[in-house]
Amino acid sequence: MEPKPARVRILDAAHELMLTVGLARATTKEIARAAGCSEAALYKYFDSKEELFVRVLRERLPRLTPLLNSLAAEPGQGTLEGNLTEIAREAALFYEQSFPIAASLYAETQLKQRHFDALRKLGAGPHRPIQDLDTYLRAEQALGRVHADADTLAAASLLLGACAQRAFAYDATDAGERPPLDAFAARLAKTLLGGISVAPGSA
0 MEPKPARVRI LDAAHELMLT VGLARATTKE IARAAGCSEA ALYKYFDSKE
50 ELFVRVLRER LPRLTPLLNS LAAEPGQGTL EGNLTEIARE AALFYEQSFP
100 IAASLYAETQ LKQRHFDALR KLGAGPHRPI QDLDTYLRAE QALGRVHADA
150 DTLAAASLLL GACAQRAFAY DATDAGERPP LDAFAARLAK TLLGGISVAP
200 GSA
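The numbering of the sequence shown is the numbering used here, which starts it at 0 and goes up by one.
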């Protein structure tokens, strides 16, 4: 078996370290060591740890952003309920897998601010899925499948907020288990649809 290319090894190592020690403590030096390369080699592929984080999110985690972008590019495809269910499912998986990576940032305010500043320059950040879902819902609104008076930004925030909550809120319950993914996504989409669709439940 041929060895993995350096870029792939770096992404693999970054993903693993970010999951186990958190983003704040996963240094480029440690990532390079785990990938079996020098820190200088790491910087040949990635300009910064922030860019590496964005690449881990985009290439190693569930494909939420590409899904939202593809739906926004071709609104009117499939049923609105089916699309929202798929979005909710991918979003729930995305937050479930990204929360352990990014959570450590929130313990260090200055680091979080520096990191978010860098993400914004890269056109990334936790606000982007909300904006992308809002864009999709507005495209559906223009086609008449979402009610003209619906607040699409609020709807996007509600759906993705619920998916983010699923990533950590249910750990504190007696059972310590998250709601089953498929049923959670379907219920969330159906409930949201009742508030924004032109004909609730039949879009």
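Quick reminder that beta carbons are idealized off the backbone N, C-alpha and C, glycines included.
Mind checking who V145 pairs with in its DSSP beta bridge?
S196
Give me the Cα-Cα distance between P65 and R127, rounded to the nearest whole angstrom.
12 Å
Endpoints, the alpha helix (DSSP H) within which D11 is located:
Start and end: 5-20.
So, using beta-carbon positions, are Q109 and L60 closer together than 7 Å?
no
Nonlocal neighbours in the same chain, by C-beta distance under 8 Å from A25, ignoring five residues either side
A13, L16, M17, K48
Give the straight-line distance between the Cα atoms of R88 and A147, rounded to the nearest whole angstrom.
26 Å
Given this structure, state the Cα-to-Cα distance separating T27 from D11, to the nearest angstrom.
Note on geometry: alpha-carbon atoms of T27 and D11 lie some 13 Å from one another.
Buried/exposed call for P179, threshold 16 Cβ in 10 Å
exposed
Would you kindly work out how many angstroms separate the C-alpha atoms of A123 and R177, rounded to a whole number?
27 Å
Over the uninterrupted alpha helix (DSSP H) stretch that includes D116, give me the two end residues.
108-120
Limits of the alpha helix (DSSP H) - the one that Q76 falls within
Here Q76 belongs to no alpha helix (DSSP H), and DSSP marks it neither H nor E.
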